[in-house]
Amino acid sequence: MDITGKTVLVLGGWGLVGSAICRKLVAERPARIIITSLNESEAHDAVEHMKKEIPDGVAIDLVPWWGNVFGRFDERTRSREELLADPATRRRLIDDIIDDLSDDILENAALYRLLADHRPDAVIDCINTATAIAYQDIYSSARGVMKAFERGEGAEEQTERLLATLYVPQLIRHVQILYKGLKDCGGAMYIKIGTAGSGGMGLNIPYTHSEERPSRVLLSKSSIAGAHTLLLFLTARTPDGPIIKEIKPTATIAWKRIEHGDVLRRGRPIPLVDCPPERAVALSGRLKLKEVGCSEPIGENLRAPFIDTGENGIFSRGEFEAISSLQQMEMITPEEIADAVVFELKGGNSGHDVINAMDGAVYGPTYRGGYLRGRALERLEKLERETGTASVAFEMLGPPRLSKLLFEAHILGLVAGSIDSVLAGDPAQLAAAAEALVRANRDLRSRIISIGIPILLGDGKTLLRGETVKIPPFRGDWELDITPGALESWAAAGWVDLRVENFVRWQERLARIKAETDATEIDDTSSRLNFTHDHWEQFATVPPGKIAAWIFTVEDEGARMKA
667 MDITGKTVLV LGGWGLVGSA ICRKLVAERP ARIIITSLNE SEAHDAVEHM
717 KKEIPDGVAI DLVPWWGNVF GRFDERTRSR EELLADPATR RRLIDDIIDD
767 LSDDILENAA LYRLLADHRP DAVIDCINTA TAIAYQDIYS SARGVMKAFE
817 RGEGAEEQTE RLLATLYVPQ LIRHVQILYK GLKDCGGAMY IKIGTAGSGG
867 MGLNIPYTHS EERPSRVLLS KSSIAGAHTL LLFLTARTPD GPIIKEIKPT
917 ATIAWKRIEH GDVLRRGRPI PLVDCPPERA VALSGRLKLK EVGCSEPIGE
967 NLRAPFIDTG ENGIFSRGEF EAISSLQQME MITPEEIADA VVFELKGGNS
1017 GHDVINAMDG AVYGPTYRGG YLRGRALERL EKLERETGTA SVAFEMLGPP
1067 RLSKLLFEAH ILGLVAGSID SVLAGDPAQL AAAAEALVRA NRDLRSRIIS
1117 IGIPILLGDG KTLLRGETVK IPPFRGDWEL DITPGALESW AAAGWVDLRV
1167 ENFVRWQERL ARIKAETDAT EIDDTSSRLN FTHDHWEQFA TVPPGKIAAW
1217 IFTVEDEGAR MKA
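Numbering follows the numbering used here, in which position 186 of the sequence shown is assigned residue number 852; successive positions increment by one, without gaps.
Here's what the structure looks like:
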């Protein structure tokens, strides 16, 4: 990408790596850089510092933006604890995480609004997503639930807090919103500054959170970081989406400044206190983790020489010396990361993109697999002929829509015999013949409903079904209202639909398949074409598996992008 004249969004632009990347971007003369941070003061501070980096005569619009990109736009400046303390916002937070991604959730999401409002050409994400999610600490939340049950009070609130802390639903929702936002805003590239969660060290890492070694909270961060990478890997394999890259530093990132002054923890000074010997606490009975009155403030804050490593915190000389030592986390500079990021943004190959590395390392489809696939299909077809039993769908693979499509195509084959006959037929007559077949053929009917796929008869009001159904899925309620909208949604998602309008839909898709195939030269024997007249058996049959694959690939836009 030529960055000149483009709009670049830097998430976490106030931080150590974000600042280095913004400085590097300035030299490429973008039209705009949107610099975000959690706090308003940080966003403005980052913009003011970056203005000093712009050479005279160069016009770059620097835009500050602040707030939590993982929540709702209107609540982006409220703390997580504030949202969790309010029953209404706590419930909404849970709904936003675990419900289906609706237009309401999407359009109210801070990240989606940010992308929609500024429509960046490229997004560089320097937020430590794994830390933001994992350090909510699901273990403490789980303990809170158990303690509430032991006390006999507060269990509802603590359980809701636990639901709001679930790591994987939060991460999945974040990636869903990110992908949809990038698609809708036309963003061409997304580069993530990821993490290994351990500074590149293994399970023997000595730095813990006062827990067992290795720390569960620390390993949670690594788990989320790994899950995030794989979700980005899948995003990068989605056709017509943005280019996705991830740079994953595995060392201490340092530094932002070295000074003498107040030592800050979570942005606040640490008050010094003293416990004179005469106020010592006797060790007997129970030790209180918090106790008022055992120490006294001395009226000063903790001050010392320190090194500011940005998001990783402020370290003393001793801490920094230990953590960055050879055979410990060692060190990488933010400028080196920025160099790699901008190089990748401009189309280079830094050798540090883990998405590209995974592309090169994963084991994809093989020649032998493709060759033996044909043998497996031949054997299955032979067994169908020998036993007189059609092998259509078992609903083991999912989604139920696949089983629905396979059985509908199978029924079309039974009543019409070929794609050409389906196209030549009258939809009403096809629907009537299909319903007559289902009513008369107990074996067919049983094979469909026994796997959880209902059959909607032609009147649109009568359903043949087993004890359980796969669609709609169970989501906490065993009974749901039947509305026209719900019925259409369920029928499309996983019901064999014998209404006339569905046979019209089948004719339309089969006509498209035939038109696409007829547009190619029938005597073209080159390697150019994937699906020829021979593939479709000259339209003399109705092959359910091939048609379902076409629907998933073309109609549902679910094609595989890479081998």
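Backbone N, C-alpha and C define an ideal beta-carbon position, used for all residues, glycine too. Only a predicted model underlies this, so the values are computations on that prediction, with no experimental measurement involved.
If you measure between the beta carbons of residue i and residue j, is that distance less than 8 Å?
i     : j     : result
V841  : T901  : yes
W1255 : N705  : Nothing can be reported for residue 1255: it is not among the residues displayed for the chain, which extend from 667 to 1229.
L1218 : K1180 : Position check: residue 1218 holds Phe in this sequence, whereas Leu was assumed. No, the Cβ-Cβ distance between F1218 and K1180 is not below 8 Å.
V653  : G1079 : In this structure the chain extends from 667 to 1229, so residue 653 is not present and cannot be described.
E781  : G847  : In the sequence as displayed, the identity of residue 781 is Leu instead of Glu. A contact, by the Cβ cut-off of 8 Å.
E977  : N774  : no
V676  : T702  : yes
S889  : S864  : no
L1146 : P1139 : no
V939  : I964  : yes
R698  : V735  : no
R689  : T670  : no
I763  : L832  : yes
P1000 : L749  : no
Based on DSSP bridge pairs, tell me the residues matched to residue i.
i     : result
A788  : V674 and M855
T1207 : BP columns for T1207 are empty, so no partner.
T918  : M997
A775  : R738
V939  : P963
P971  : H926
D1019 : I913
D1163 : L1122
L1230 : Residue 1230 falls outside the range modelled here, since the chain spans only 667 to 1229, and no answer is possible.
F981  : I973
Which residues in the same chain have their Cβ closer than 8 Å to the Cβ of residue i, if we skip the five residues on either side of it in sequence?
i     : result
A1177 : L1089
G1030 : K1228 and A1229
I913  : I857, K858, I859, G860, I1003, A1006, V1007, E1010, S1016, H1018, D1019 and V1020
I1115 : I1121, L1130, R1131 and G1132
G927  : R969 and F972
I924  : P971, F972, I973 and D974
A854  : M667, D787, A788, P908 and I909
A1214 : L1068, L1071, L1072 and A1075
Is residue i near the ligand GTP, with its Cβ less than 7 Å from a heavy atom?
i    : result
V729 : This structure does not include the ligand GTP; it has no bound ligands of any sort.
Considering residue i, what are the terminal residues of the beta strand (DSSP E) in which it resides?
i    : result
V729 : D727 to W732
G965 : E962 to N967
G927 : R923 to D928
R932 : Element bounds for R932: n/a, residue is neither H nor E.
R698 : R698 to S703
Which residues bound the alpha helix (DSSP H) around residue i?
i     : result
L750  : R746 to A751
G1035 : Y1033 to T1053
S1112 : R1108 to I1115
T1184 : The residue you asked about is not Thr; residue 1184 is Asp in the sequence shown. Taken as a continuous stretch (DSSP letters only), the alpha helix (DSSP H) holding D1184 covers V1166 to D1184.
V1220 : Per DSSP, V1220 belongs to no alpha helix (DSSP H) and is neither H nor E.
F1060 : Segment: none, F1060 is in no alpha helix (DSSP H) and carries neither H nor E.
I687  : L682 to V692
V1081 : P1066 to A1082
M812  : I804 to R817
K717  : E706 to K717
A1089 : First, the amino acid is wrong: residue 1089 is Leu here, not Ala. Its alpha helix (DSSP H) spans residues I1085 to A1090.
I799  : T795 to A800
Which residues in the same chain as residue i place their Cβ atom closer than 7 Å to its Cβ, once the five residues preceding and following it in sequence are excluded?
i     : result
L1046 : S1057
A1157 : L1122 and D1163
W921  : I973, D974 and T975
E996  : A917, T918 and S990
I910  : Y856, L898, T901, A902 and I1021
V958  : none
Residues in the same chain with beta-carbon distance under 6 Å from residue i, minus the five sequence neighbours each way, listed in chain order, please.
i    : result
E741 : none
I843 : A775, L777 and Y778
I871 : S864 and P880
Unbroken stretches of the alpha helix (DSSP H), 4 residues or longer, contained in the region 827-914:
833-851 and 882-902
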